[in-house]
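Residue 45 in the UniProt record's numbering is what sits at position 45 of the sequence shown, and the numbering runs on without skipping anything. Where is the CB? At the ideal position from N, CA and C, for every residue including glycine. No experiment lies behind these values; they were computed from the predicted model shown. Structure record follows, encoded as structure tokens.
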Amino acid sequence: MSRRGNCWDNSPMERFFRSLKNEWMPVVGYVSFSEAAHAITDYIVGYYSALRPHEYNGGLPPNESENRYWKNSNSVVSVC
């Protein structure tokens, strides 16, 4: 639980929902719950994580940023 009056605790989710509403949601809304669920899943999986550049990641989409991280990672995990 966040502390009362600390508006920065939820800022990443607030930013995500702002992007979702401004970039993807139709002005008139959706006809059904299943239509909304399908469209929002398409936004998250097909656009937000795969194609949309994020300033935090140096202008890269999250998927590309993660791929570069693992490609450049020299750590080895021991499973003994």
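Look at Pro53 and Gly59 and say whether their C-beta atoms are less than 7 Å apart. yes
DSSP on Leu20, reduced to helix/strand/coil? helix
Given a cut-off of 7 Å on the beta-carbon distance, is the pair Ser65 and Asn57 in contact? yes
Tyr43 versus Pro62: straight-line alpha-carbon distance, rounded: 13 Å
Contact test: Ser49 Cβ vs the ligand SAM heavy atom, cutoff 6 Å: For the ligand SAM, the structure offers nothing, since it holds no ligand at all.
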